[in-house]
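**Student:** First the structure, which I've put down as structure tokens, then a few questions once you've had a look.
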Ligand SMILES: CC(C)(COP(=O)(O)OP(=O)(O)OC[C@H]1O[C@@H](n2cnc3c(N)ncnc32)[C@H](O)[C@@H]1OP(=O)(O)O)[C@@H](O)C(=O)NCCC(=O)NCCS
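In our numbering, the protein residues as written are 8 to 307.
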């Protein structure tokens with residue numbers, strides 16, 4: 008079903024933006040393929056179903072696929088809509104963003120957030136009524152052969168492979184470690200833990216209790232430390248360092264020769280840990296931008 012939601016006239020040509028019905032989602036798969044969040048078709052279709060994914064596109068036919076925007080709930084939050092993918096430039100891009108944001112606000116969201124953007128793109132969104140939600144730093148470590156065999160011993164934890172029965176413990180420690188915006192739900196955790204071609208999911212246990220976890224992955228030579236969380240009651244006890252050492256050696260064993268991680272610019276504990284482990288900050292920060300109904304209204 009095609010539902011034209013925003014017939015627009017821009018300059019000398021008309022731009023009609025339509026909402027894609029669920030039966031059309033599969034047709035957009037080739038265009039979103041390769042997006043970090045949709046590493047395979049199953050993850051894409053699951054996301055659309057579970058995160059109330061919506062696609063708005065410029066109707067009127069284009070042989071190479073129309074400009075479109077894909078949005079959905081931020082993790083399990085129905086009050087925050089996230090922009091996960093956009094194809095389009097200039098005035099068309101602006102119209103897509105504004106239509107998607109306005110539709111989300113009408114549906115009950117009170118915030119519309121972007122994925123991490125480079126500085127130029129963040130400036131563009133600022134002109135459209137967005138503001139900076141947070142600055143993200145990217146860090147990289149070149150992997151050399153290092154002895155990691157003792158990881159865990161100093162912190163008096165056992166580091167084991169994740170098992171499904173740890174899920175509740177991992178989610179509750181995650182909620183204790185991260186604030187409301189960043190905490191993970193089960194579905195997003197699964198998506199993160201399966202997002203690379205080879206994945207590693209480690210848990211740190213002490214006295215039978217899961218007190219920390221780390222998720223990493225490797226795509227060929229490129230490794231990613233995707234998530235690291237230590238229960239709030241056990242931070243500062245060497246567990247984060249032990250997990251980081253072990254995930255580094257695991258990803259190295261999968262063939263990674265460089266490892267990337269990102270974190271918020273004001274996360275002093277994480278930045279200090281990563282720098283201690285030999286990560287170096289890369290030059291260009293990323294920006295997550297957000298817009299509220301008021302910001303959208305004021306920037307007309
Ligand atoms: C960041 C985090 C993973 C660190 O793990 P941890 O187990 O608390 O840290 P460790 O005890 O292993 O400390 C290792 C190093 O981290 C740094 N560090 C840890 N806590 C710190 C703090 N409160 N302030 C500054 N640096 C800190 C230090 O460099 C420390 O080395 P040192 O003991 O020689 O000074 C943990 O605090 C955490 O889960 N925080 C919330 C979630 C998060 O931010 N995750 C990572 C970003 S995605």
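Quick reminder that beta carbons are idealized off the backbone N, C-alpha and C, glycines included.
1. Expressed to the nearest angstrom, what Euclidean distance is found between the alpha-carbon atoms of residue 138 and residue 126?
2. Residue 92 and residue 77: beta carbons closer than 7 Å?
3. Please classify residue 14: is it buried, with 16 or more other beta-carbons within 10 angstroms of its beta-carbon, or exposed?
4. Can you tell me which residues form a DSSP beta bridge with residue 75?
5. Check whether the Cβ of residue 236 lies closer than 6 Å to any heavy atom of ligand 1, and answer yes or no.
6. Comparing C-alpha positions only, which one of 81, 27, 66, 108 sits nearest to residue 299?
7. Is residue 149 helix, strand or coil by DSSP?
8. Since residue 211 and residue 177 are thought to touch, with beta carbons under 8 Å apart, how far apart are those beta carbons, to the nearest angstrom?
9. With three or more C-beta pairs closer than 8 Å as the rule, is the segment 223-238 touching the segment 172-186?
10. Under the three-state reduction of DSSP, which class applies to residue 22: helix, strand or coil?
11. So which of 133, 292, 199, 83 has the shortest CA-CA distance to residue 3?
12. For residue 189, which of helix, strand or coil comes out of DSSP?
13. Please list, in chain order, all residues of the same chain as residue 79 whose beta carbon is under 8 Å from its beta carbon, the five residues on each side excluded.
14. With respect to 6 Å, is the separation between the Cβ of residue 256 and the closest non-hydrogen atom of ligand 1 below this value?
15. Which of the three DSSP states, helix, strand or coil, is assigned to residue 85?
16. What are the boundary residues of the beta strand (DSSP E) that includes residue 220?
17. Between the Cα of residue 195 and the Cα atoms of 145, 128, 45, 142, which residue gives the shortest distance?
**Tutor:** Reading off the structure:
1. Walking along the chain shown from the start, residue 138 turns up at place 131. Walking along the chain shown from the start, residue 126 turns up at place 119. Each residue's Cα considered, the two are about 12 Å apart.
2. Residue mapping note: residue 92 aligns to position 85 of the chain shown, counting from 1. Residue mapping note: residue 77 aligns to position 70 of the chain shown, counting from 1. Yes, these two residues count as a Cβ contact at 7 Å.
3. By one-based count along the chain shown, residue 14 stands at place 7. Residue confidence is low: residue 14 scores 45 on pLDDT, short of 50, so the model does not pin down where it sits. Its coordinate-derived value is still stated next. Looking at its Cβ environment, which holds fewer than 16 other Cβ atoms inside 10 Å, residue 14 is exposed.
4. In the chain shown, counting from the first residue as 1, residue 75 sits at position 68. Partner(s): 64, 94.
5. Indexing the chain shown from 1 puts residue 236 at position 229. For ligand 1, at least one heavy atom lies less than 6 Å from the Cβ of residue 236.
6. On the chain shown, position 292 is the one that residue 299 refers to. The candidate whose alpha carbon is nearest that of residue 299 is 108.
7. Residue numbering aside, residue 149 sits at position 142 when the chain shown is read from its first letter. DSSP places residue 149 in strand when its eight states are reduced to three.
8. By one-based count along the chain shown, residue 211 stands at place 204. By one-based count along the chain shown, residue 177 stands at place 170. Not a contact, Cβ separation roughly 11 Å.
9. yes
10. Residue mapping note: residue 22 aligns to position 15 of the chain shown, counting from 1. Strand, per DSSP.
11. The structure shown has nothing for residue 3, since the chain only spans 8 to 307.
12. Along the chain shown, read from residue 1 onward, the residue named residue 189 stands at position 182. Three-state DSSP puts residue 189 in coil, outside helix and strand.
13. On the chain shown, residue 79 is found 72 positions in, with the first residue counted as 1. Cβ neighbours of residue 79 beyond the five flanking positions: 54, 55, 58, 59, 60, 61, 88, 89, 91.
14. Locating residue 256 in the chain shown gives position 249, where the first residue counts as 1. Every heavy atom of ligand 1 is 6 Å or more from the Cβ of residue 256, so no.
15. As a first step, residue 85 is located in the chain shown; it is residue number 78 there, counting from the start. Residue 85 falls in the strand class under three-state DSSP.
16. In the chain shown, counting from the first residue as 1, residue 220 sits at position 213. Residue 220 -> beta strand (DSSP E) spans 216-226.
17. Residue mapping note: residue 195 aligns to position 188 of the chain shown, counting from 1. Measuring from the Cα of residue 195, the nearest candidate turns out to be 45.
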